[in-house]
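The block underneath contains the structure these notes are about, expressed in structure tokens.
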Amino acid sequence: MSLNNSKKPVIAVVGAGPGIGEAVARRFANEGFVVALLARTESVLKSIAHGIDNDVEKGTAHYYITDLRIENSVLSSFDQIRADLGPVSVLVYNAGARRVNGRSILDTTTEEFENFTKINLFGAFWSCKCVLPDMLVAGKGTILFTSATGALRGMPGLASFSPGKFGLRSLCQVLTREYQSRGIHSVNIIVDGPVDGKLIGGVVRRKWQRDGSEEKLKEVTSYLMQPSDLAETYWFLHMQPRSTWTQELDVRAMKESMFSKL
Ligand SMILES: NC(=O)c1ccc[n+]([C@@H]2O[C@H](COP(=O)([O-])OP(=O)(O)OC[C@H]3O[C@@H](n4cnc5c(N)ncnc54)[C@H](OP(=O)(O)O)[C@@H]3O)[C@@H](O)[C@H]2O)c1
Numbered sequence: 001m002s003l004n005n006s007k008k009p010v011i012a013v014v015g016a017g018p019g020i021g022e023a024v025a026r027r028f029a030n031e032g033f034v035v036a037l038l039a040r041t042e043s044v045l046k047s048i049a050h051g052i053d054n055d056v057e058k059g060t061a062h063y064y065i066t067d068l069r070i071e072n073s074v075l076s077s078f079d080q081i082r083a084d085l086g087p088v089s090v091l092v093y094n095a096g097a098r099r100v101n102g103r104s105i106l107d108t109t110t111e112e113f114e115n116f117t118k119i120n121l122f123g124a125f126w127s128c129k130c131v132l133p134d135m136l137v138a139g140k141g142t143i144l145f146t147s148a149t150g151a152l153r154g155m156p157g158l159a160s161f162s163p164g165k166f167g168l169r170s171l172c173q174v175l176t177r178e179y180q181s182r183g184i185h186s187v188n189i190i191v192d193g194p195v196d197g198k199l200i201g202g203v204v205r206r207k208w209q210r211d212g213s214e215e216k217l218k219e220v221t222s223y224l225m226q227p228s229d230l231a232e233t234y235w236f237l238h239m240q241p242r243s244t245w246t247q248e249l250d251v252r253a254m255k256e257s258m259f260s261k262l
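Using UniProt numbering, you'd call the opening residue of the sequence shown number 1 and step up by one each time.
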């Protein structure tokens, strides 16, 4: 039985947490999309989905418990999304994993390297393989990757993070070269600095409090990217006319220096 009888366009937000993932899901839901939310933690997914349903319309958001490190988990979630909602027209690969405090190559285990690289890169590869066939039949589709400064330059301590994000950037370029002329618009979005989500935003704000940085606490939006503002960028990229498609875009808050971590 379809859960999308009015055949609304479908966005899959892969790596849907309370930060960028939820904000992007909400932005597209407000434009008439049905939303498939993929992540591991059911309580978080449920609360995001209920929030969107309450604020937009019942039946707008659906969640699929998925571990992006496991190919079969990704494939079965996308099979279920297709059966429930129909073909995906927008894929947002937002999942990412890194240490808050870095660790040198010698201190990084193979297990951590593999786990994080699966989340940062393999999950995107599998997700693309799931949605591309329907997008190609439709002759259109949008694929947006959430990237990071670490995709552009390796930094000490990021051995288990940067290689995956570099790879994701490369995957996006390959996608563009292989499928852009068939209607698929792929964009790598370099999020260059901290986002005001629960985890990083919270860590940064607590540090400012400890340091007595009153000016920063008063001017949060000059220093921390707001998920809802980032979501505007995702929507803008999706809506770009096909005569002017962006392939890569970088964003940062006003008081963040350019490619600040380089
Ligand atoms: N936050 C920042 O300051 C910042 C800065 C630059 C770039 N970025 C990029 O932004 C993206 C994340 O955005 P966000 O920080 O705002 O996070 P978010 O959208 O709040 O949440 C992302 C979600 O990804 C899910 N995820 C992680 N590993 C997964 C796995 N193995 N399987 C399924 N889902 C998984 C997590 O949910 P579960 O744990 O429930 O699975 C998490 O809640 C990442 O690509 C990151 O590199 C973030």
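Beta carbons: idealized from backbone N, C-alpha and C, even for Gly.
CA nearest to the CA of residue i, picked from the options
i      : options                        : result
Pro18  : Glu214, Lys198, Gly193         : Lys198
Asp79  : Tyr64, Val90, Gly59, Phe116    : Tyr64
Lys7   : Ser76, Ser170, Arg82, Thr108   : Arg82
Ala36  : Leu3, Arg103, Gly154           : Leu3
Met155 : Phe236, Val187, His185, Arg103 : Arg103
Thr60  : Ser73, Leu85, Asp67, Asn72     : Leu85
Leu121 : Val74, Ser243, Ile105          : Val74
Phe236 : Pro9, Glu22, Lys216, Glu31     : Glu31
Asp67  : Leu38, Asn54, Leu168           : Leu38
Asn72  : Phe125, Ser213, Met1           : Phe125
Thr244 : Glu42, Gln180, Ser222          : Gln180
Pro227 : Ala23, Asn5, Pro9, Ile11       : Ala23
Thr146 : Gln173, Phe116, Val92, Gly183  : Val92
Glu112 : Ser162, Ser76, Ser77, Gln247   : Ser162
Arg242 : Gly183, Ile48, Gln209          : Gly183
Ser76  : Thr110, Lys58, Thr109, Gly123  : Gly123
In DSSP terms, what residue i is bridged to
i      : result
Tyr64  : Leu38
Arg103 : Leu158
Tyr93  : Val14, Phe145
Asp229 : Beta-bridge pairing links Asp229 to no other residue.
Ile189 : Thr146, Leu249
Ile184 : Gly141
Val195 : Met225
CB contact flag (residue i, residue j, <8 Å)
i      : j      : result
Ile143 : Cys130 : no
Ala97  : Ile119 : yes
Thr249 : Val187 : For clarity, residue 249 is Leu in the given sequence; the question names Thr instead. In this structure, Val187 lies closer than 8 Å to Leu249 by Cβ.
Ala138 : Gly15  : no
Ala148 : Ile105 : no
Phe28  : Val100 : no
Pro87  : Asp134 : yes
Leu224 : Asp192 : no
Gly167 : Leu158 : no
Pro194 : Gly201 : yes
Val13  : Ala25  : yes
Ala253 : Thr233 : no
Leu152 : Ile20  : no
Per-residue burial, residue i [other beta carbons within 10 Å of its own, 16 or more giving buried]
i      : result
Val204 : buried
Lys165 : buried
His50  : exposed
Leu217 : exposed
Ser160 : buried
Gly141 : buried
Thr176 : buried
Ser43  : exposed
Within-8 Å CB hit, residue i to chain B
i      : result
Thr176 : Judged by its chain identifiers, the structure shown contains no chain B, having just a single protein chain.
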